[in-house]
Amino acid sequence: MLNDFPVFATLAVADVDRARRWYEEKLGLTPAMEMPGGNGMVYRAGGSIFLMYLTDNAGTAANTVATILVEDLAAVMTALRGRGVVFEDYAMGDRGPTTVDGIAEDSDGSKGAWFKDSEGNVLGLAQLPTGMSLPS
């Protein structure tokens, strides 16, 4: 029933101005739209959008809330580190690989990395294995 409709991520923030500065300065994103009353921002990236909205529940999710698909994970991480982004290290045990220098590499060659935004949201970067692409 919902196959023909787009999906977008929704990120909780405690301080819209602080989050806006972080997303612009650290990730280089430009807001596409400000929500009425200054209660949030919409950003456009890679043909999709995500919404950040003001709530008291910001930063309470311990899981990844959005993932950005990149072609060269190491290069993107280097650029983001240069902007002050700090990558997380995880030991996933039976559920996946352990990160080495912030990068987790799965047995199929896919790679991932995670960092937190100014509001405590966990964001991910992912690189698909060579020759693999997402279905369109």
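Numbering (my numbering), first residue to last: 12 to 147. Ideal Cβ placement from N, Cα and C applies to all residues, glycine included. In this text, all values refer to a predicted model and were calculated from it rather than measured experimentally.
Checklist entry - L22 to G39, Cα distance in whole Å? => result 17 Å
Item to check | Spatial neighbours of A72 in its chain, beta-carbon cut-off 8 Å, leaving aside the 5 residues before and after | outcome: A23, N132 and V133
Next on the checklist: Closest to R32 by C-alpha separation, out of N68, S144 and S129, would be which residue?
Outcome noted: S129
Item to check | Per-residue DSSP class, three states only, for A43 | outcome: strand
Next on the checklist: Closer than 8 Å is the cut-off here; do at least three beta carbon pairs connect the region 40-54 with the region 110-128?
Outcome noted: no
Next on the checklist: Can you give me the C-alpha to C-alpha distance between P1 and V27, rounded to a whole angstrom?
Outcome noted: No information on residue 1 is available, as it lies outside the stretch 12 to 147 that the chain covers here.
Checklist entry - What do you get for L145, buried or exposed, if any count of 16 or more other CB atoms within 10 angstroms of its CB means buried? => result exposed
Item to check | Cα-Cα separation, A20 to A30 | outcome: 15 Å
Checklist entry - Taking Cβ positions, are A25 and G70 nearer each other than 8 Å? => result yes
Checklist entry - Under the criterion of a Cβ to heavy atom distance below 7 Å, does D67 qualify as lining the ligand ATP? => result Ligands in the displayed structure: none, and consequently the ligand ATP is not present.
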